[in-house]
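Protein chains in written order, with the numbering used here: chain A, 7 to 192; chain B, 7 to 192.
We treat Cβ as the ideally placed atom computed from N, Cα and C, and that holds for glycine.
As the structure is a prediction and not an experimental result, all values here were calculated from the model.
Structure (structure tokens):
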């Protein structure tokens, strides 16, 4: 598995069940959202703009993509401001087949542009590590089948000594990418 | 990391926040429990009895241990029959430093004795795969720090084509093993 194959398998629309654990307060939260993952063109102005603003990492980029998320509900808290919708552009810059960098226009933990390191474990799990201003985050994403994937995340304090939050999402593909739909009809 | 080190780090008492996802019904459940993991003596009669009943796997066993779990609450369902308490004896039989078998007196998914295969990923995550009569289960357990670990599980249909349930637990050590406590006081 390399990052190009991983993103290709991820393209489409996913219904995500996500549980969050706040360890200090022993609080759970849960949410259902719809994720839409779509490949972008290499010359998309938004891709070129994001690359220009993050020109530090050298190397060719590959498979730039767009993620959009919309929550369907958050019945535990009834607090629509907590997690509603958003979008981010992501650009992988592979170092080799197994690891590289990932530029994001909007980070996972803090809502600022971010630069993650990624690598693959030997069971094809994708691991993303991101140092933010106040936190450090490790995300893992792995496929259970073509249409089901899992995503765990851990938010550490910046020095990585304390674990603040964990989360886990189970994602089921509800709509394939346009490419796959065309293939299915041909 | 080998299985002996992994079990040694796991010994003690853990408060576990666990979220379950039923994919077909989009249902969440959540529970807080207390896990107690304790090493057993090699000549403990319960260990010898379990080994005798599972004499198919050849090789020396190592670090037999006992897990006890007690739920504190399940406020989503108010159904105390769902998950309350239980215990299991587990006996690892390493094939080499990286993989082996695990005998359990009580399986994770089905309440019968079970035999799992275990292996370690290259980030020291322990993976357990178990074929039950009606299901196939994959569990992953990994340490975030000395006192925090995560556990994910996936329950597949027996032919491994469908994913029925996933779960994720965040576990915080609340009491160390007796050995560690003695060391701290010496």
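Legend entry - residue 68(B) (DSSP reduced to helix, strand or coil): coil
Inset, instruction - Label residue 145(B) either buried or exposed according to how many other C-beta atoms from any shown protein chain fall within 10 Å of its C-beta, with 16 as the threshold for buried. - result: buried
Inset, instruction - Label residue 70(B) either buried or exposed according to how many other C-beta atoms from any shown protein chain fall within 10 Å of its C-beta, with 16 as the threshold for buried. - result: buried
Legend entry - 6 Å CB neighbourhood of residue 22(B) in its chain, flanking five on each side removed: Listed in chain order, the non-local C-beta contacts of residue 22(B) below 6 Å within the same chain comprise 39, 41, 175 and 177, local neighbours out to five positions each way being set aside.
Inset, instruction - Scan the segment 36-55 of chain A for residues whose Cβ lies nearer than 7 Å to a Cβ of chain B and list them as they occur along the chain. - result: 36 and 38
Inset, instruction - Check whether the Cβ atoms of residue 110(A) and residue 122(A) sit closer than 8 Å, and answer yes or no. - result: yes
Inset, instruction - Starting from residue 172(B), find everything on chain A with Cβ-Cβ shorter than 7 Å and list it in chain order. - result: Neighbours of residue 172(B) on chain A, chain order: 156 and 176.
Legend entry - Reduced DSSP category for residue 51(A) - H, G, I as helix; E, B as strand; rest coil: helix
Inset, instruction - Give the residues of chain B in contact with residue 32(A), contact being defined as C-beta atoms less than 7 Å apart. - result: Neighbourhood of residue 32(A) in chain B, by CB distance below 7 Å: 23 and 38, in chain order.
Legend entry - Backbone CA spacing between residue 162(A) and residue 168(A) [nearest angstrom]: 6 Å
Inset, instruction - For residue 59(B), collect the residues of the same chain with a Cβ closer than 8 Å to its Cβ; drop the 5 residues on either side in sequence, then sort them by chain order. - result: Setting aside the 5 residues that flank it on each side, residue 59(B) is surrounded in the same chain by 119, each with a C-beta closer than 8 Å to its C-beta; the list follows chain order.
Legend entry - C-beta neighbour in chain A for residue 66(B), strict 8 Å: No, no contact with chain A.
Legend entry - Short Cβ contact (8 Å threshold) for residue 132(A) with residue 138(A): no
Inset, instruction - Please report the residue range of the alpha helix (DSSP H) in which residue 11(A) lies. - result: 9-16
Inset, instruction - With a cut-off of 8 Å on the beta carbons, I'd call residue 95(A) and residue 46(A) a contact; round off their distance for me. - result: 7 Å
Inset, instruction - Taking 8 Å as the cut-off, decide whether the C-beta atoms of residue 14(A) and residue 156(B) are in contact. - result: no
Legend entry - Neighbouring residues, chain B, relative to residue 151(A) (Cβ below 7 Å): 169
Inset, instruction - Reducing DSSP to helix, strand and coil, say where residue 30(A) ends up. - result: coil
Inset, instruction - Spell out whether any CB of chain B is found under 8 Å from the CB atom of residue 132(A). - result: no
Inset, instruction - Provide the residue(s) that pair with residue 105(A) in DSSP beta bridges, ordered along the chain. - result: 125(A)
Inset, instruction - Give the secondary structure of residue 57(A) by DSSP, where H, G and I count as helix, E and B as strand, and everything else as coil. - result: helix
Legend entry - Interface partners of residue 164(B) on chain A, CB under 8 Å: By Cβ distance, chain A contributes nothing, its closest Cβ being about 14 Å from residue 164(B), past 8 Å.
Inset, instruction - Closer than 8 Å by beta-carbon distance: list the chain A residues that pair up with residue 128(B), in chain order. - result: 127 and 128
Inset, instruction - Within its chain, find whatever has a CB closer than 7 Å to the CB of residue 104(A); leave out the 5 residues flanking it on each side and keep chain order. - result: 125 and 126
Legend entry - Residues near residue 67(A) in its chain [Cβ-Cβ closer than 6 Å; skip 5 each side]: 97 and 99
Inset, instruction - Spatial neighbours of residue 150(B) within its chain, please: CB distance less than 7 Å, with the 5 preceding and 5 following residues excluded, ordered by chain position. - result: 156, listed in sequence order.
Inset, instruction - Consult DSSP for residue 76(B) and reduce its assignment to one of helix, strand or coil. - result: strand
Inset, instruction - State yes or no: is the C-beta of residue 165(A) within less than 8 Å of the C-beta of residue 140(A)? - result: no
Inset, instruction - Check the C-beta distance from residue 26(B) over to residue 183(B) and give it rounded, since I have them as a contact under 8 Å. - result: Their Cβ separation, rounded to whole angstroms, is 28 Å, which puts residue 26(B) and residue 183(B) out of contact at 8 Å.
Inset, instruction - Could you spell out the range, first to last residue, of the beta strand (DSSP E) harbouring residue 134(A)? - result: 132-137
Inset, instruction - For residue 29(A), return the contacting residues in chain B, with the cut-off set at a CB-CB distance below 8 Å. - result: 23, 154, 176 and 178
Legend entry - Rounded C-alpha distance that separates residue 181(B) from residue 130(A): 34 Å
Inset, instruction - Go through its chain and collect everything with a Cβ distance to residue 134(B)'s Cβ below 6 Å, but skip five positions before and after it. - result: 122, 124 and 145
Inset, instruction - Grab me the residues of residue 30(B)'s own chain with a C-beta within less than 8 Å of its C-beta, minus the 5 sequence neighbours each way, in chain order. - result: 170
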